[in-house]
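**Q** Just so you know, the sequence shown maps onto residues 0 to 257 in numbering that gives the first Met the number 0. Backbone N, C-alpha and C fix where the C-beta goes; we use that ideal spot for every residue, glycine too. Structure in structure tokens, see below.
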Amino acid sequence: MRYIDVHCHLDGRHFDDLDELFKRLSRCGVEKVITCGVDLPTSIAVKEIAERYNGCYFTAGFHPTELRDYKESDLEKIAELASHPKCVAIGEIGLDYHYPDTNKPLQKEVFVKQLKLANELGLPVEIHSRNSAEDMFEILRANAGLLNNGFLLHCYSHSVELAVELKKAGAYFSFGGTSTYSGSKKARRCIATLGLDRLLTETDSPYMPPVSKQGLFPNTPESIPEILQGFAELHGIDEELCADKVWSNAHTLFKKLN
Ligand SMILES: [Zn+2]
0 MRYIDVHCHL
10 DGRHFDDLDE
20 LFKRLSRCGV
30 EKVITCGVDL
40 PTSIAVKEIA
50 ERYNGCYFTA
60 GFHPTELRDY
70 KESDLEKIAE
80 LASHPKCVAI
90 GEIGLDYHYP
100 DTNKPLQKEV
110 FVKQLKLANE
120 LGLPVEIHSR
130 NSAEDMFEIL
140 RANAGLLNNG
150 FLLHCYSHSV
160 ELAVELKKAG
170 AYFSFGGTST
180 YSGSKKARRC
190 IATLGLDRLL
200 TETDSPYMPP
210 VSKQGLFPNT
220 PESIPEILQG
230 FAELHGIDEE
240 LCADKVWSNA
250 HTLFKKLN
């Protein structure tokens, strides 16, 4: 079986031996990973990782809680990174209203600018949305014309009803370790309801370990087979079939993986 992690963070100090990690990933069948930038320095760092390892791809973009050093001219640098053959999407971008003192107007402005950028570059986007369901839906609805290259809601955490609406608008959804906990009723209902044709596996490593690695840090893309197994169980289908479907979904959305 071959697996893919469409959203993780392999830059930074949590993974001191990436050579070893990539060897272990190929042993457990995780053949492709997409490691995501959250600002300019991390977007450069993940590009360098992708250049070192076969099967490693990256995204470049500004995460909504990482806008402290953001300057409009940085988007030109993101565009430059995005022209790299292994940059498969603009991301992660979006809205995050978890912290009450956050600058919502700035978040929205930078999000929409990056949707425009992705559209100009012909790339899909990886979207982060936390405690911001209404504004997220409104922005995606108002900017539907910018979503022609596809969009992924990573670690989707809003309602099943909204997921169904977003699916109609063309969204893909990825779920990670939290979906393996029996208490994660909403995520599991979404996985079961959405059908297999828009589902993707992710880990958000080093965060969000699955149930078998509860409390362990860092989480790694080695958790993908366990997450995939959960998808297959929720759909009552064979794991291999499920893995093939997720693999082909990822290659449909992220054209530069091909
Ligand atoms: Zn992330």
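Alpha carbons only, please: which of 179, 185 and 177 is nearest the one belonging to residue 163?
**A** Position 164 of the sequence shown holds residue 163. For residue 163, the nearest C-alpha among the options comes from 185.
**Q** I want to know whether the stretch 231-240 touches the stretch 212-222 - three or more CB-CB distances under 8 Å.
**A** Contact fails: fewer than three Cβ-Cβ distances are below 8 Å.
**Q** Taking 8 Å as the threshold, find out whether the stretch 205-216 comes into contact with the stretch 40-60 through three or more Cβ pairs.
**A** These segments do not touch.
**Q** Taking its Cβ as the centre, do 16 or more other Cβ atoms sit within 10 Å of residue 119, making it buried, or is it exposed?
**A** Sequence index remark: in the sequence shown, residue 119 carries index 120 (1-based). The residue is exposed, with fewer than 16 neighbouring Cβ atoms inside 10 Å.
**Q** Measuring CA to CA, which of 69, 0, 3 and 63 is closest to residue 98?
**A** Residue numbering aside, residue 98 sits at position 99 when the sequence shown is read from its first letter. Comparing Cα positions, the closest option is 63.
**Q** Can you tell me where the alpha helix (DSSP H) holding residue 119 begins and where it ends?
**A** Position 120 of the sequence shown, counted from the start, is the residue given in the question as residue 119. Run containing residue 119: 103-120, per the alpha helix (DSSP H) assignment.
**Q** Does the distance between the C-beta of residue 6 and the nearest non-hydrogen atom of ligand 1 fall short of 7 Å?
**A** For the purposes of this step, residue 6 is taken as residue 7 along the sequence shown, with counting starting at 1. The answer is yes for residue 6.
**Q** Decide if residue 173 is buried, meaning its Cβ has at least 16 other Cβ atoms within 10 Å, or exposed.
**A** Residue numbering aside, residue 173 sits at position 174 when the sequence shown is read from its first letter. Buried, since its Cβ has 16 or more Cβ neighbours within 10 Å.
**Q** Do you know how far the Cα of residue 232 is from the Cα of residue 69?
**A** Taking the first residue of the sequence shown as position 1, residue 69 is located at position 70. Taking the first residue of the sequence shown as position 1, residue 232 is located at position 233. Those two C-alpha atoms are separated by around 43 Å.
**Q** Would you list the one or two residues that DSSP bridges to residue 55?
**A** For the purposes of this step, residue 55 is taken as residue 56 along the sequence shown, with counting starting at 1. For residue 55, which the question treats as bridged, DSSP gives the partners 32.
**Q** Consider the C-beta atom of residue 97 and the heavy atoms of ligand 1; say whether any pair is separated by less than 7 Å.
**A** Taking the first residue of the sequence shown as position 1, residue 97 is located at position 98. Checking the Cβ of residue 97 against ligand 1 gives no.
**Q** DSSP three-state label for residue 200, please.
**A** In the sequence shown, the residue the question calls residue 200 occupies position 201. It is a strand residue.
**Q** For residue 23, does the count of other Cβ atoms within 10 angstroms reach 16, so buried, or fall short, so exposed?
**A** Position 24 of the sequence shown, counted from the start, is the residue given in the question as residue 23. With fewer than 16 other Cβ atoms within 10 Å, it is exposed.
**Q** Within this structure, are the beta carbons of residue 95 and residue 129 separated by less than 8 Å?
**A** As a working note, residue 95 is residue 96 in the sequence shown. As a working note, residue 129 is residue 130 in the sequence shown. Yes; because the gap between Cβ atoms is below 8 Å, this pair is in contact.
**Q** Which residue wins for smallest C-alpha separation from residue 227, given the options 256, 206 and 187?
**A** Locating residue 227 in the sequence shown gives position 228, counting from the first residue. Comparing Cα-Cα distances from residue 227 to each of 256, 206 and 187, the minimum goes to 187.
**Q** Assuming residue 251 and residue 4 form a contact by the criterion Cβ under 8 Å, report the distance between their Cβ atoms to the nearest whole angstrom.
**A** The residue given as residue 251 occupies position 252 in the sequence shown. The residue given as residue 4 occupies position 5 in the sequence shown. Rounded, the Cβ-Cβ distance is 17 Å, inconsistent with contact.
**Q** Would you call the CB atoms of residue 169 and residue 146 closer than 8 Å?
**A** By 1-based counting over the sequence shown, the position of residue 169 is 170. By 1-based counting over the sequence shown, the position of residue 146 is 147. Yes, Cβ-Cβ distance for residue 169 and residue 146 is below 8 Å.
**Q** In chain order, what are the residue ranges of uninterrupted beta strand (DSSP E) at least 3 long that sit wholly in the stretch 127-176?
**A** The qualifying runs are 150-153 and 171-174.
**Q** If you measure from the CB of residue 55, is any heavy atom of ligand 1 nearer than 7 Å?
**A** Your numbering for residue 55 matches position 56 in the sequence shown. False, no ligand heavy atom lies under 7 Å from that Cβ.
**Q** With 16 as the cutoff for other CB atoms within 10 Å, does residue 141 come out buried or exposed?
**A** Residue numbering aside, residue 141 sits at position 142 when the sequence shown is read from its first letter. The residue in question, residue 141, is exposed, as its Cβ has fewer than 16 Cβ neighbours within 10 Å.
**Q** Is the Cβ-Cβ distance between residue 153 and residue 126 less than 8 Å?
**A** Translated into positions along the sequence shown, residue 153 becomes position 154. Translated into positions along the sequence shown, residue 126 becomes position 127. Yes, they are a contact pair.
**Q** Exposed or buried, residue 84, counting other C-beta atoms within 10 Å across all chains shown (16 or more means buried)?
**A** Counting from one through the sequence shown, the residue named residue 84 turns up at place 85. The residue is exposed, with fewer than 16 neighbouring Cβ atoms inside 10 Å.
**Q** From what residue to what residue does the beta strand (DSSP E) around residue 7 run?
**A** For the purposes of this step, residue 7 is taken as the residue at position 8 of the sequence shown. Run containing residue 7: 2-7, per the beta strand (DSSP E) assignment.
**Q** What does the Cβ neighbour count give for residue 121, buried or exposed, with the cut at 16 atoms within 10 Å?
**A** Against the sequence shown, residue 121 aligns to sequence position 122. Answer is exposed; the Cβ neighbour count stays below 16.
**Q** So is residue 91 buried or exposed if we call it buried at 16+ other beta carbons inside 10 Å?
**A** The residue you call residue 91 lines up with position 92 of the sequence shown. The residue in question, residue 91, is buried, as its Cβ has 16 or more Cβ neighbours within 10 Å.
**Q** Just curious, the beta strand (DSSP E) that residue 95 is in, first and last residue?
**A** Start at 1 with the first residue of the sequence shown, and residue 95 comes out as number 96. Its beta strand (DSSP E) spans residues 86-95.
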